[in-house]
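Going line by line, the protein sequences match chains G and D.
Under the numbering used here, read the first sequence as residues 1 to 143, first letter to last.
Under the numbering used here, read the second sequence as residues 1001 to 1111, first letter to last.
We put the CB at the ideal spot given by N, CA and C, even for glycine.
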Amino acid sequence: MKRVGTIQIKYMIAKNDFSKAGAAASNIKKTLRKLGISTDVIKRVAVAAYETEMNVIIHSHGGIMYLNIDVEKVTIIAEDKGPGIEDIEMAMKEGYSTATSQIRELGFGAGMGLPNIKRCADNFEIKSSLENSTIIKMSFNLK
Amino acid sequence: MFTVKNLVEELKLEIVAGERGMINLITDVYIGDLLSWVMAKVDDGNIWITIQTHENIVAVAVLKDLSCVIISENAMIDNDTITRANVEEIPLLRSSLNSYQLALRIGELLK
Ligand SMILES: Nc1ncnc2c1ncn2[C@@H]1O[C@H](COP(=O)(O)OP(=O)(O)OP(=O)(O)O)[C@@H](O)[C@H]1O
Ligand SMILES: [Mg+2]
Chain G
1 MKRVGTIQIK YMIAKNDFSK AGAAASNIKK TLRKLGISTD VIKRVAVAAY
51 ETEMNVIIHS HGGIMYLNID VEKVTIIAED KGPGIEDIEM AMKEGYSTAT
101 SQIRELGFGA GMGLPNIKRC ADNFEIKSSL ENSTIIKMSF NLK
Chain D
1001 MFTVKNLVEE LKLEIVAGER GMINLITDVY IGDLLSWVMA KVDDGNIWIT
1051 IQTHENIVAV AVLKDLSCVI ISENAMIDND TITRANVEEI PLLRSSLNSY
1101 QLALRIGELL K
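Dropping the structure here:
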């Protein structure tokens, strides 16, 4: 079996830090471009990574995003410090949002982020409960 | 071939930031003020017309490879947004026209 190295990058995401919003997603996109990954995959990863990053910034107490790339797939995992999601089924619905009016004024809160992520990824898992971390894992096939 | 520079000249738009991206090629137009909606729908090279002026619009424009962003109805633009558009070389343009009027005029130009 041919062994190919994997790439792993870690991004710290701070709560309410809009000045760096999109920085992790941008870096992920640049990394994939450098590796010559197909545009179709890059476009989907960019949207999903951005929505994941924004959710951690807006809805959580902060967290970490991990990018993993191997020959088979691109994987992104986000793990935050809570406060968690009470009803995941509701959260996954288009149009459902708990964003405050202040946040909505900035253009967030359409309730489209999680549905966007699910649509873009080839595999998507979300694990969360109230007062716990939200963990999102998504992957994009390269083959 | 239609560039952001052509667009600015034709529509007499104010160049607020990101002048280095003036050679970007324009493909189409998209109007929207809900970021995750725009994120899902907008395409490479699109002109994005919005009244959102928060710095996150630049992040969206970069991630979606947009040609430029036009702020309609002369909405006030945050300084952070201007700084970021300059760094990212995303043309940030402004007009007194509303989004509908802008799209009509651009539609004529792209015909
Ligand atoms: N990391 C998270 N921690 C806690 N709650 C979350 C997290 N991510 C999403 N949620 C909850 O799920 C809801 C739906 O998320 P989604 O991304 O679909 O929409 P939104 O962030 O509210 O709006 P949009 O993404 O369209 O700007 C959020 O309003 C929030 O209540
Ligand atoms: Mg969201």
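Excluding the 5 residues preceding and the 5 following D/R1020 in the sequence, name in chain order all residues of the same chain whose CB lies nearer than 7 Å to its CB. Numbered from its first residue, the second sequence carries residue 1020 of chain D at position 20. Excluding positions up to five away in sequence, the list reads E1089.
Chain D partners of G/M112, CB-CB under 8 Å? For the purposes of this step, residue 112 of chain G is taken as residue 112 along the first sequence, with counting starting at 1. From the beta-carbon of G/M112, the residues of chain D found nearer than 8 Å are L1034, S1036, W1037, M1039, A1040.
Applying the criterion that 16 or more other CB atoms from any shown protein chain within 10 Å of the CB defines a buried residue, is D/T1050 buried or exposed? Taking the first residue of the second sequence as position 1, residue 1050 of chain D is located at position 50. Buried, by the Cβ-count rule.
For D/M1039 and G/E94, the rounded distance between their alpha carbons: Taking the first residue of the first sequence as 1, we reach residue 94 of chain G at position 94. Taking the first residue of the second sequence as 1, we reach residue 1039 of chain D at position 39. Rounded to the nearest angstrom, the gap between the Cα atoms of G/E94 and D/M1039 is 14 Å.
Determine the closest residue to G/T118 out of G/I136, G/I58, G/A14, with distance taken between C-alpha atoms. As a working note, residue 118 of chain G is residue 118 in the first sequence. One detail in the question is off: residue 118 of chain G reads as Lys in this sequence, not Thr. Of G/I136, G/I58, G/A14, the residue nearest in Cα terms is G/I136.
Are the CB atoms of D/L1066 and D/W1048 nearer to each other than 8 Å? For the purposes of this step, residue 1066 of chain D is identified with residue 66 of the second sequence, where counting begins at 1. For the purposes of this step, residue 1048 of chain D is identified with residue 48 of the second sequence, where counting begins at 1. Taking 8 Å as the cut-off, the beta carbon of D/L1066 is found closer than this to the beta carbon of D/W1048.
Beta-carbon proximity list for G/Y50, same chain, < 8 Å, skipping 5 on both sides: Here residue 50 of chain G corresponds to residue number 50 of the first sequence, with the count starting at 1. The beta carbon of G/Y50 is closer than 8 Å to those of G22, A25 in its chain, skipping five residues each way along the sequence.
Just to confirm, is the Cβ distance from G/S97 to G/G109 under 8 Å? By one-based count along the first sequence, residue 97 of chain G stands at place 97. By one-based count along the first sequence, residue 109 of chain G stands at place 109. The beta carbons of G/S97 and G/G109 sit closer together than 8 Å.
Does D/L1063 come within less than 8 Å of chain G when only Cβ atoms are used? Taking the first residue of the second sequence as 1, we reach residue 1063 of chain D at position 63. For D/L1063, the nearest CB of chain G lies under 8 Å from its own CB, placing it at the interface with that chain.
Near-chain G residues of the segment 1051-1085 of chain D (beta-carbon distance less than 7 Å), N- to C-terminal order: Residues Q1052, H1054, E1055, N1056, A1059, V1062, L1063, D1080.
Going by DSSP in three states, G/S139 sits in which element: helix, strand or coil? Position 139 of the first sequence, counting from 1, holds the residue named residue 139 of chain G. G/S139: strand per DSSP, three-state reduction.
Under DSSP, the beta strand (DSSP E) around D/Y1030 begins and ends at which residues? The count along the second sequence starts at 1 and reaches residue 1030 of chain D at position 30. Unbroken beta strand (DSSP E) run through D/Y1030: 1029-1031.
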